[in-house]
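What follows is a short report on a single structure.
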Amino acid sequence: MGGNSDMKLIDENGIRIDGRKVDELRPIKIEAGVLKSADGSAYVEIGKNKVLAAVYGPRECHPRHMQNPAKAIVQCKYNMISFSVSDRKRPGPDRRSVEISKLISEAMEYVVFTENYPRTSIDVYIEVLQANAGTRCAGLTAAAVALADAGIPMKDIVPAVAVGKVNDQVVLDLNKEEDNYGQADLPIAMIPRTGEVLLMQMDGHLTQAEFDKALEMGVKACHEIYELQKDALRRRYAIVNGETEEEPKEPAEDVNEEA
Ligand code: UDP
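The following block contains the structure:
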């Protein structure tokens, strides 16, 4: 967030550098059940962001002192792979990834019916393969689909998107240049069914009127992403008109495996 409002990121026709209008999302692709080894998984592309999420559990929580006798704990680990950004990212956790992991864990713990699984841990691994701003939102969007794919009961599926301010205009779904040189960044995640806001952060400054506009834009976009998340799960389980046409496919036999 450079706050450099001199850099022209929106032209006189209201078109952004990637050709979008101010209230337009980047192209989104969501796929559920992409990994055979995980209990649930999802792959999400939002513009140039590419994110993979894998869920393991509910499984016995180790170390045992972290167990909660009344409910499960949800542990999300957000990681940006070294080659996900143009300057090689040093592998391993840093302050940013620890912060993002914590806020995604808290958001997910709120939506999962954790009381169904006492003493267990639900582990969600989020790997950012390619980053172009908005990766915490793409990661959360993927994690929610992966949890649903794992069959874990939740209040709802959670979509997330960032809204911000660029060249004094409120814009939806910031790309890298807008994130770096814009004036504000406001990631939002919500529970569409209840309208509850699960995550909200703000970098930069917005007036009350800009904030209200940004929130309205973000909520509308979250509902669009929510439909794509549900479509991905329907495709995964081939659900047509509410009926399951085919069961999820078993992993194919490994031809190299000893008989
Ligand atoms: N970024 C980077 N190197 C880093 C961290 C971030 O190049 O170590 C880039 C990356 O493209 C990321 C963007 O900066 O998506 C914005 O990062 P931010 O911390 O705002 O989180 P995000 O918008 O991805 O949720």
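Count along the sequence shown starting at 1, add 19, and that's the number in this note's numbering. From the three backbone atoms N, C-alpha and C, an ideal C-beta is built for every residue, glycine too. Predicted model, so just to flag it, every value in this text is computed and none were measured.
Put residue i into one of helix, strand or coil per three-state DSSP.
| i | result |
| --- | --- |
| Gly223 | strand |
| Ser56 | coil |
| Val177 | coil |
| Ile36 | coil |
| Gly183 | strand |
| Gln202 | coil |
| Glu31 | coil |
| Val117 | helix |
| Met20 | coil |
| Glu134 | helix |
| Gln188 | strand |
| Thr213 | coil |
| Arg107 | coil |
| Glu277 | Because Glu277 carries a pLDDT of 46, less than 50, the predicted location of this residue cannot be relied on, and the following value inherits that uncertainty. It is coil, neither helix nor strand. |
| Ile123 | helix |
| Glu128 | helix |
| Glu43 | coil |
| Asp168 | helix |
| Asp25 | coil |
| Tyr245 | helix |
| Gly153 | coil |
| Leu159 | helix |
| Ala240 | helix |
| Asp257 | According to the sequence as given, residue 257 is Ala; it is not Asp. If DSSP states are grouped into helix, strand and coil, Ala257 belongs with coil. |
| Leu234 | helix |
| Leu193 | coil |
| Ala271 | For Ala271, the predicted structure reports a pLDDT of 49, less than 50, and the residue's modelled location is therefore unreliable. The matter cannot be settled from this model. |
Residue i and residue j look like a contact to me (Cβ under 8 Å); what is the Cβ gap, rounded to whole Å?
| i | j | result |
| --- | --- | --- |
| Tyr200 | Met85 | Actually they are not in contact, since the Cβ atoms of Tyr200 and Met85 sit about 41 Å apart, beyond 8 Å. |
| Val216 | Ile141 | That pair is no contact at about 22 Å. |
| Ile47 | Ile244 | 7 Å |
| Met173 | Val130 | 5 Å |
| Val70 | Gly59 | That belief does not hold up - the Cβ atoms of Val70 and Gly59 are roughly 15 Å apart, past 8 Å. |
| Ser124 | Pro110 | 21 Å between Cβ atoms; not a contact. |
| Tyr62 | Ala161 | 7 Å |
| Val180 | Ala240 | 5 Å |
| Asn68 | Ala157 | 5 Å |
| Leu28 | Val185 | 5 Å |
| Pro88 | Arg138 | 6 Å |
| Gly223 | Gln202 | 5 Å |
| Ala150 | Ser103 | 5 Å |
| Lys90 | Thr133 | 4 Å |
| Leu252 | Val164 | 7 Å |
| Glu197 | Val190 | 6 Å |
Per DSSP, residue i forms a beta bridge with which residues?
| i | result |
| --- | --- |
| Asp142 | Tyr75 and Gln94 |
| Glu64 | Lys48 and Lys69 |
| Ala208 | Ala179 and Leu218 |
| Met99 | Val147 |
| Asn87 | Lys90 |
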